[in-house]
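*Asks:*
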Amino acid sequence: MAFTFAAFCYMLALLLTAALIFFAIWHLVLPEYLIHFFFCVMFFCAAEWLTLCLNLPLLAYHVWRYMSRPVMSCPGLYDPTTIMNADILAYCQKEGWCKLAFYLLSFFYYLYGYVFIFTP
Amino acid sequence: MGPDPHPGLGRASQHPDWKLPSRRSDAVRAARSSLTSSRGPLLPHVRRGVPAFGGQRRSCVSTAPGIRGNRGRQDREMSAPGSTNPSSSGSYSQSSTPNGGAAPPRQNGPAQTYPSMYASTGYYGPPPHQQSYPTIPAHSTSVPNKTSITNSAQSANYYENNHQQQHHVAPAPYNTPCTSASPSQPYSAPPPSNTQYSQQPFQQQQQHPPYATPGSYYGQQPYHGVPTTVQHPQQQQNPSLVPAPAVGPGAPLYPIVSYPSVPGSGQYGTLSPSQSTSTPGVMPIQMSAPLHQYNSSQPTSTPPVHPGYGGAPPSQMVPTVNGQGTTAQTTAHQHYDPSHQAPQSYDSYGRVTHSTGGPAADRPPSGTPSTSVHSSPGHHQGMQYGYVANSGTSAASATTSGPAAAPSSSSSDDDEEDEDEDEEAGGETSSSTTGSASPLPNSYDSLEGGSYPDSMPPSNDMTNQAQSYSSYGYHTMQPAYRQGPASRSDSSPSHDLYGQPSYQQYSQPFPDLSQLSAALGGLSGVPELEVEALRPVNLLQERNLLPPRPLEAPEPNLSADLRKVNCSPQTFRCTLTSVPQTQALLNKARLPLGLLLHPFRDLQQLPVITSNTIVRCRSCRTYINPFVTFLDQRRWKCNLCYRVNDVPDEFMYNPVTRSYGEPHKRPEVQNATVEFIASSDYMLRPPQPAVYLFVLDVSHNAVEAGYLKYLCDSILENLDKLPGDTRTRIGFLTFDSTIHFYNLQEGLSQPQMLVVSDIDDVFIPSHDSLMVNLKESKELVKDLLTSLPAMFSQSRETHSALGPALQAAFKLMSPTGGRVTVFLTQLPTLGAGMLQSREDPNQRSSSKGVQHLGPATDFYKKLALDCSGQQIGVDLFLLSSQYADLTSLACMSKYSAGSIFYYPSFHHLHNPAQLEKFQRDLGRYLTRKIGFEAVMRIRCTKGLSIHTFHGNFFVRSTDLLSLANVNPDSAFAVQMSIEDSLADSSLACFQAALLYTSNKGKRRIRVHTLCLPVVNQLSDVYAGADVQAITCLLANMAIDRSISSSLSDARDALVNAVVDLVSAYKSNVSSLQQSGLVVPASMRLFPLYILALLKQRALRTGTSTRLDERVFAMCEFKTQPLQQLMRMVHPDLYRLDNMSDQGALHLNDTVVPQPPLLHLSAERVSRDGAFLMDCGNVFYLWIGKCCNEMFIRDVLGCPNYASIPPNMNHIPELETPLSERVRAFLDWLQDNRAFSSTIHVVRDDASAKSTFFLHLVEDRTDSASSYSEFLQHIQQQMSK
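In the order they appear, the protein sequences are chains X and Z. When the letters of the first sequence are read in order and numbered with my numbering, they come out as residues 1 to 120. When the letters of the second sequence are read in order and numbered with my numbering, they come out as residues 1 to 1280.
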C-alpha cells in the first residue's frame, strides 16, 4: 500500500510516543496531554477506530485529571503545597510508571500499525 | 438508639482510607480523592487594571496624616506623579527616584532600589557575631576574673550579656598565659583540654591537700608546671568552696582526681534544696554572676516546672554519681555533701539529668562555663556558652571565615537550595572548620590563652596531646567503674548500671551492640503499668473512664536512664509510644503512627551550646543526641542510620566539667533538647534582623468595628517588648480601596502618609523610609500609632483591597524577610485576590455536607509561597462579623508558616468578650518569641519514613519544612509509615532539628530527639498507645480528608477508626470472648474523644455553624499544640463549689486545690453547684440556679444568684479563702498556656447556657448522638 494518511498518523504517533515516554518520566503535564490529544485527533481523522479506542481511556483520564486539579490560576497539575505528601507523591509516581508502560506498548503498537499499513 | 447519626455509614465500603496509611491501595485511593477534591470555581486571574490615567498608571500622593481627610481624597485622583502636591515632594526626594517627569514608573520598582538600599543602610552588613567576636580577646584579657558562669538568664539584653560573659569565661583563669602565648604558636591540640588541664593540677596543688599525690600523676603530663604562674583570685578562693571533698579519705584518689569536673557539673544537677540553701554564702564570687538569681529560686521552682525532664530525686542522684565516678557509697556520700554546695551555685540548670554528685564538688569553680539556662518563663533567654573554649574558637573561625562567607552568600540571589543545602552543608563545613583550627592556631592561642609552653613542638602537639588525654581520661575511668557496681547494689537498685547509657558502655569498656541494645531496649520497663494499660475495659459497662486528673502522656517503656533523658512529651510526642516493628503489625493494630511536635515551645530551660563543631552523623546528618552509642572513646554510632562516626577532637572536651575524654558527658549527649549556636555555615545570608510590618484594614467596616484604637494601644504598649535587637525594623501599611504607606524616616517631624491608588499594579513609593529602624524612629512610630485611629475615623470607604496591600507588603518585605501581620475586617472586594461570598446561611446547619472548604482562588496561596520563598511569614487577624471567606484567606498564613486569629463578630462596644480576647492575644502575640528564616527537618530511624505533614508551613522536600517564621505557639503533626522492618534495632528515634534566626540575629539550631522502644507484639503496641496523640493526629487527618473529599467522609472515617480499633483488639489481643465493646485501658477514652471530635465545630454537622468558624476551627486543629487541642476537643470539667484540699498542690505559698475531672455530661452537673469548664482558650464558670449563696458571694462578689450580671467576664479578686482558692486554681490552669483564656460566668438561665451545654459532649443534642448511643452504633458497625 501506499503512504496513506493513516500511515502518516502512525508514523507521527510513533515519534510523539517516543517523546511521551520521556514526558511520563519527567511529568511535563501539559505537553504530554496535548500531544496525546493531538494524535488521538489524528487517528480520529484517519478513521483508525481501533487505535482510537485503545487511546480513549487514557484521553478520558487526562481530561478528568485536569478537570480535578487543585485550584490554580495558572496551568499545571501539581500543587506545590501538597505534592510532598507521601500519598500524593506515591500516586503521581505510580501514575507515571503506568503511563510509561502504556506508551511503551503503544509505541510498538504504532510501529506495528505503521508497518502493517505499508505492507500489502 | 436514636436516629442514626451517621447515615449511610456502610463501613465495609467506606473504610477510612486515611486511617491506614499502610494499605497501599487505600493510600492510592486517598491520594486520588485528595487530588480530585478541589472543586472551587476557578476565579479569574489577577485583575489587571486598565491604565486609569492616560498611560500613566500610577498615582501617588503623599499627605501628612493629619490632613489626609479631604485632600487625600482629591490627591488620589491626581494621577500624574509629577503633579503631586508640595508636601509630597519632600518625601519623594528621599526616595531614590522621584516618581515623576520623565522617569519611567518602573524606576520605583524594587529591582533598582534594593541595591542602593542595601548599601545605604548597611543593613546586611557583617552579621553581628562577626562584629563582636573580634573584640573577644580584649574582653578576655581585660576581665580575667569573671567566672565562668555564663548564664545571664533573666537579663533583658542577654545577647550582649552573654556575649561578654562568653568571652570572659574561657580565658578567665589563663589570663597570663593568654597574653604571653605567642599568637602564632600553631599548637593544634584541642584547646579545651588544655584549659582543663592546666587547671587541674593547679587545683590539685592548691586546694586539695589530700591529693598531693596527684602532683605526680599530673607530672606525667608535660604541662604540669605551667599553670602555677596563673594566680587567680578566684582560684585562691577555692579552698573554701571545695572543702576538701572529703572524698572518702580512704578512697582511691586517682579516680576522683580525674573526675573533678566530670559528672554532672552543676549544670545538670538538680540540687536538692537542702544543698542549695547554703549556696550563697559559699561562693561569693559566683554570686556576682547573674546566675545566682536563678539558683536561689531554684529549689522551689524546679520540681514543678520541669516535669518532663524531672530530675531524679536526690536520693537517686547520689548513687548514680557514686556509681559513676567514685567509690563513695551511701556513707561516703555524706562526705560529699558539703562539697556539693560549691557546684550548686554554678548550677544553672537546676535539674539534673544525672549525678550532681561529689565529683562535681571537685570541679574548679571557674570551670563551669557552660551552663546556661534561664528560667524566665515566657522567653527563654538563657544561653549556655557551654563550650567555653570553643566560643573562643568559633569566634575566631567566624572572624576568619566570616568576611569571606558573608559577601558570597548575600550576593547569591538564586538561593534555590536555601537552608536545605545550607543546613546540610553546615555540619560538613563546620567540621572542616575544626580541621582548619590547626592551620590557624593563632585564634586558639590568643583566645584560649593556651598554657602550652612555647617550646612545645607545635607539629606534634595535637596528636600527642590527644593521646595522652584520652588515655588519661580512660585510665582514670577504669578504677571508678570497677568500683561502681559495688556501690550500685546498695545505692539505687532502680538504676540499672550507672544511670546513663553511656556509662553502661564504659563500664564494660566496649560492649558489643546486642548487649547494648538489650540493655537499652526497655527491659527494665514497668510491667505493672503495662498491665494496667492493657487491662481490657468493657466500655458498655464501665462508665467512669476519666482519670481524676487530666491525662498525662504515657511513659515510653524504656529503661529508666533513657526515659530520664528523653524528650519532653510536651515537645515531642508519638501516637504509639511503642513503635511496631513492621508495617504489618501497625496495620494489625489499626492505629495511626505519627508524631506531634511543638518544636519552638517556650522552654523553662534549654541547654544552649556554642561549639565550633556541631557533631553530626556524616551520612544522615543527624545531630549527636543522647541515644547514640559510643563504641569507644573515639567513635559513635548514629542511632538513626547506624553509621559509625568519629568523635571530633573538640567533642572530647567536656565544657561542663572541663574534662577531657568524656564525649558521652557533653551536654549534647545528656539532653534530648538542646540548642546550638550555629556558625556561618548554616547561613545563606547574614541573619536577618527582626522586621515587622503591620497591614491594617482601615475601611469603613474596620472603623465600625473599632479595633484600630486597641491595636495601636497594644502596639504602643509593647513597642519596647517587640522581640528584636537594635536592628529591628518596623513599618505600617493601611488599606481600604487604596493603599497607604507611612514614611517614618528618622528626622521627619511627623509621619508622612503616601497613598497609592493604583491597586492594579502596586508599587512602593519609597524604599528606604517605609520600613524603618524601630530604635531610630521610635518617636515617629509612636506618633503614628497615636494618630492612626483618629485619622480614619471618618472613612466612608467600604471597599477593601487586601490583595494589592499584600502585594505591596510582599514587595516591602522581600529584601529582608520578616513578619507581616494582617488585620482584616471584611471580605476583600477590590483588586487581586478579591473574593465573593460563598456561604449560604441556610446551609449552615445542613447535615448533608459542607461546601466551600477549599479555597476559591489560589491568589493567597501563591502569595504565601512567594512570601515563604522570601522568608516572610504572614499572620492573619480576622475580625469580621460577616462571612470573609477564611477558607481562601487562611492560605496566606498556612503556607507561609503564619498563624491565624479569628474574632467572629468583633465589635469594640457590642462584644466586650471578643475585645478582651483580642487584647490579650495581641499582648502575647507582639511579645512572644519569634524565629525567622527557619527550616525544620525531621529525621527518623532507618525504616521509618514521613508520610504527611500537618500544620502551617511549606513542605520543601519529603522531610524538610520551610518556615518563614516560627512562633512558640504553633505545633505540627507528622504521619509516619514504616517502610522497612525495624527488627534490627530495639529503639526507634526521631529527631526534629529547627534551624532559625533568633530575633537577635543569631542563627540557632534547636534539636529535639525522641527515643521509643520497638516492639513486635500487638499487645505491647496497645499498651503504649497514646490516646490523646492519636486523637489529635486523627483530627488532623480528618481535616485533610474533609477538605480533599467531604466532611461526611471524614466523619465516617473517624467512626471507622473506633470500629477498627475495637474489632482489631477483639480479634487479635483480647482472649476473653466477652460481648460488648472491649478496648485496652490505654485506649478507653478513644471512643469518647472521637465522639467529642465529631461534635467539634470543625467537624460537626447538623448544628448551625458558620463556615468561617468551622474553617477557623480546622486551622486550629492543624496548629494548636496537643494539650490545648485536647482541651478544645474534650474540655475539662471541674466542680468548684466544694473543692477540698485533698491532693492539693502547694506551690510557693498558695494552695492549689485539685478537684477531680468530671465527665462531660449533664448528669454530672447539678443545679446546686458551680462548675468550671476549661475549653482551652475559654473558661466557662457555670453557676447552677440553686448554687450555694456563699460561693456566689465569696467568689463572684454578688449577693445572690439573681444579681449575677449576664455578661460577667472576670472573677473579682476577693479576699475570701474560697475566692483565693478558686483563683489559685484558675491561675494554675492558665499557667502553661500561651494565650491566656478568658472566663465567662454562665448563669443557668442565660442564653450562654446553650454554649456551655454544647460542650457536654457525652449528651445527646438535636443533631448528634450521646455517648451511649455512639457506643451502640459502634457495636452495630462491628457486627456488620
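Backbone N, C-alpha and C define an ideal beta-carbon position, used for all residues, glycine too.
#1: Since I believe residue 1212 (chain Z) is in contact with residue 1197 (chain Z) (beta carbons under 8 Å), could you give me their beta-carbon distance rounded to a whole number of angstroms?
#2: Is it true that the CB of residue 738 (chain Z) sits closer than 7 Å to the CB of residue 951 (chain Z)?
#3: Taking residue 834 (chain Z) as the reference, which of Z:1151, Z:918, Z:801 and Z:865 has the closest Cα?
#4: Strictly by DSSP, which residues pair up with residue 940 (chain Z)?
#5: Once the 5 residues before and after residue 865 (chain Z) are set aside, which same chain residues still bring their CB inside 7 Å of it?
#6: What does residue 80 (chain X) reach in chain Z if we use C-beta pairs closer than 8 Å?
#7: What does a CB cutoff of less than 7 Å around residue 4 (chain X) pick up in its chain, not counting 5 residues either side in sequence?
#8: How would you call residue 30 (chain X), buried or exposed, if buried means at least 16 neighbouring beta carbons within 10 angstroms?
#9: My understanding is that residue 702 (chain Z) touches residue 999 (chain Z), with C-beta atoms under 8 Å, so please give their C-beta distance in whole angstroms.
#10: Rounded to a whole number of angstroms, what is the C-alpha to C-alpha distance between residue 1149 (chain Z) and residue 884 (chain Z)?
#11: Taking 7 Å as the CB-CB limit, is residue 860 (chain Z) close to chain X?
#12: With a threshold of 7 Å between beta-carbons, can residue 101 (chain X) be considered close to chain Z, or not?
#13: Are any of the Cβ atoms in chain X nearer than 7 Å to that of residue 852 (chain Z)?
#14: Kindly say whether residue 947 (chain Z), judged by its beta-carbon, lies nearer than 7 Å to any beta-carbon of chain X.
#15: Would you mind working out which of Z:851, Z:596 and Z:889 sits nearest residue 822 (chain Z), comparing C-alpha positions?
#16: At what residues does the beta strand (DSSP E) containing residue 1172 (chain Z) begin and finish?
#17: Considering only the beta carbon of each residue, do residue 672 (chain Z) and residue 1031 (chain Z) sit closer than 7 Å?
#18: Bridge partners for residue 1213 (chain Z) per DSSP, in chain order?
#19: Can you have a look at residue 1247 (chain Z) and say buried or exposed, based on whether 16 or more other CB atoms are within 10 angstroms of its CB?
#20: Pull the bridge partners of residue 636 (chain Z) from the DSSP assignment, please.
#21: Using the beta-carbon of each residue, which ones in chain X are nearer than 7 Å to residue 855 (chain Z)?
#22: Pull up the CB-CB distance for residue 42 (chain X) and residue 12 (chain X), whole angstroms please, since I reckon it's below 8 Å.
#23: Taking the alpha helix (DSSP H) that residue 1251 (chain Z) falls in, what are its first and last residues?
#24: For the alpha helix (DSSP H) that residue 825 (chain Z) lies in, which residues bound it at each end?
#25: Any Cβ of chain Z within less than 7 Å of the Cβ of residue 46 (chain X)?
#26: For residue 105 (chain X) and residue 98 (chain X), what's the separation of their Cα atoms in angstroms?
#27: Using three-state DSSP, classify residue 1068 (chain Z) as helix, strand or coil.
#28: For the stretch 883-915 of chain Z, list every residue whose C-beta sits within 7 Å of some C-beta in chain X, in sequence order.
#29: Under a three-way DSSP split, which group does residue 163 (chain X) fall into?
#30: Would you check if there are 3 or more beta carbon pairs closer than 8 Å linking the stretch 561-572 of chain Z to the stretch 1086-1096 of chain Z?
#31: For a contact meaning CB atoms closer than 8 Å, what does residue 24 (chain X) contact in chain Z?
#32: Go ahead and pull the three-state DSSP assignment for residue 1056 (chain Z).
#33: Quick one: grab the DSSP three-state call for residue 983 (chain Z).
#34: On the CB-based measure, 16 or more other CB atoms within 10 Å of its CB, does residue 38 (chain X) come out buried or exposed?
#35: Alpha carbon to alpha carbon, how far is residue 1063 (chain Z) from residue 688 (chain Z)? Give it in angstroms, no decimals.
#36: At 9 Å on the CB atoms, spell out the chain X contacts of residue 962 (chain Z), in chain order.
*Replies:* According to the structure shown:
#1: In the second sequence, residue 1197 (chain Z) corresponds to position 1197, counting from 1. In the second sequence, residue 1212 (chain Z) corresponds to position 1212, counting from 1. Confirmed, about 4 Å.
#2: Within the second sequence, residue 951 (chain Z) is the residue found at index 951, counting from 1. Within the second sequence, residue 738 (chain Z) is the residue found at index 738, counting from 1. With contacts defined by Cβ atoms closer than 7 Å, residue 951 (chain Z) and residue 738 (chain Z) do not form a contacting pair.
#3: Within the second sequence, the letter at position 834 stands for residue 834 (chain Z). When each option's Cα is compared against that of residue 834 (chain Z), the closest is Z:801.
#4: Here residue 940 (chain Z) refers to the residue found at position 940 when the second sequence is read from its first residue. DSSP lists Z:990 as partners of residue 940 (chain Z).
#5: Against the second sequence, residue 865 (chain Z) aligns to sequence position 865. Cβ within range, chain order: 895 and 954.
#6: Numbered from 1 along the first sequence, position 80 holds the residue referred to as residue 80 (chain X). Simply 865 and 954.
#7: As a working note, residue 4 (chain X) is residue 4 in the first sequence. Taken in chain order, the residues that qualify are 117.
#8: In the first sequence, counting from the first residue as 1, residue 30 (chain X) sits at position 30. Burial state of residue 30 (chain X) is exposed, judged by a 10 Å Cβ sphere holding fewer than 16 other Cβ atoms.
#9: Your numbering for residue 702 (chain Z) matches position 702 in the second sequence. Your numbering for residue 999 (chain Z) matches position 999 in the second sequence. Not really, about 29 Å apart at Cβ, beyond 8 Å.
#10: Position 1149 of the second sequence holds residue 1149 (chain Z). Position 884 of the second sequence holds residue 884 (chain Z). C-alpha separation (whole angstroms): 48 Å.
#11: Counted from its first residue, the second sequence places residue 860 (chain Z) at position 860. Output row for residue 860 (chain Z): interface = no.
#12: Counting from 1 along the first sequence, the entry for residue 101 (chain X) is found at position 101. No - not a single Cβ of chain Z is within 7 Å of the one on residue 101 (chain X).
#13: Translated into positions along the second sequence, residue 852 (chain Z) becomes position 852. Chain X, which has no Cβ nearer than 7 Å to the Cβ of residue 852 (chain Z), makes this no.
#14: Counting from one through the second sequence, the residue named residue 947 (chain Z) turns up at place 947. Closer than 7 Å: yes.
#15: Here residue 822 (chain Z) corresponds to residue number 822 of the second sequence, with the count starting at 1. With distances taken between Cα atoms, residue 822 (chain Z) lies closest to Z:889.
#16: The sequence position of residue 1172 (chain Z) within the second sequence is 1172, counting from 1. It spans 1170-1174 - the beta strand (DSSP E) in which residue 1172 (chain Z) sits, taken as one unbroken run.
#17: Translated into the one-based positions of the second sequence, residue 672 (chain Z) becomes position 672. Translated into the one-based positions of the second sequence, residue 1031 (chain Z) becomes position 1031. No, these two residues do not count as a Cβ contact at 7 Å.
#18: One-based indexing of the second sequence puts residue 1213 (chain Z) at position 1213. Beta-bridge pairing links residue 1213 (chain Z) to no other residue.
#19: Position 1247 of the second sequence, counted from the start, is the residue given in the question as residue 1247 (chain Z). The residue in question, residue 1247 (chain Z), is exposed, as its Cβ has fewer than 16 Cβ neighbours within 10 Å.
#20: The count along the second sequence starts at 1 and reaches residue 636 (chain Z) at position 636. According to DSSP, residue 636 (chain Z) bridges with Z:630 and Z:645.
#21: Counting from 1 along the second sequence, the entry for residue 855 (chain Z) is found at position 855. What residue 855 (chain Z) touches in chain X: 71.
#22: Locating residue 42 (chain X) in the first sequence gives position 42, where the first residue counts as 1. Locating residue 12 (chain X) in the first sequence gives position 12, where the first residue counts as 1. Going by Cβ atoms, the distance from residue 42 (chain X) to residue 12 (chain X) rounds to 6 Å, so yes, they are a contact pair.
#23: Along the second sequence, read from residue 1 onward, the residue named residue 1251 (chain Z) stands at position 1251. Per DSSP, residue 1251 (chain Z) belongs to the alpha helix (DSSP H) from 1249-1254.
#24: In the second sequence, the residue the question calls residue 825 (chain Z) occupies position 825. Note, residue 825 (chain Z): premise wrong, no alpha helix (DSSP H); not H, not E.
#25: Residue 46 (chain X) sits at position 46 when you count from the first residue of the first sequence. Not one chain Z Cβ lies under 7 Å of residue 46 (chain X).
#26: Along the first sequence, read from residue 1 onward, the residue named residue 105 (chain X) stands at position 105. Along the first sequence, read from residue 1 onward, the residue named residue 98 (chain X) stands at position 98. Going from the Cα of residue 105 (chain X) to the Cα of residue 98 (chain X) covers about 11 Å.
#27: Within the second sequence, numbered from 1, the residue matching residue 1068 (chain Z) stands at position 1068. Helix, per DSSP.
#28: 895
#29: This structure cannot settle anything about residue 163 (chain X), because the visible part of chain X is limited to 1 through 120.
#30: No, the stretch 561-572 of chain Z does not touch the stretch 1086-1096 of chain Z.
#31: Reading the first sequence from its first residue, position 24 is the one you call residue 24 (chain X). Residues of chain Z passing the Cβ test: none, with the nearest at roughly 17 Å.
#32: By one-based count along the second sequence, residue 1056 (chain Z) stands at place 1056. If DSSP states are grouped into helix, strand and coil, residue 1056 (chain Z) belongs with the helices.
#33: As a working mapping, residue 983 (chain Z) is identified with position 983 in the second sequence. The answer is coil: DSSP assigns residue 983 (chain Z) none of H, G, I, E or B.
#34: Within the first sequence, residue 38 (chain X) is the residue found at index 38, counting from 1. By the Cβ neighbour-count rule, residue 38 (chain X) is exposed, with fewer than 16 other Cβ atoms within 10 Å of its own.
#35: Start at 1 with the first residue of the second sequence, and residue 688 (chain Z) comes out as number 688. Start at 1 with the first residue of the second sequence, and residue 1063 (chain Z) comes out as number 1063. The alpha-carbon atoms of residue 688 (chain Z) and residue 1063 (chain Z) are separated by roughly 54 Å.
#36: The residue you call residue 962 (chain Z) lines up with position 962 of the second sequence. The contacting residues do not exist; residue 962 (chain Z) stays about 11 Å from chain X at best.
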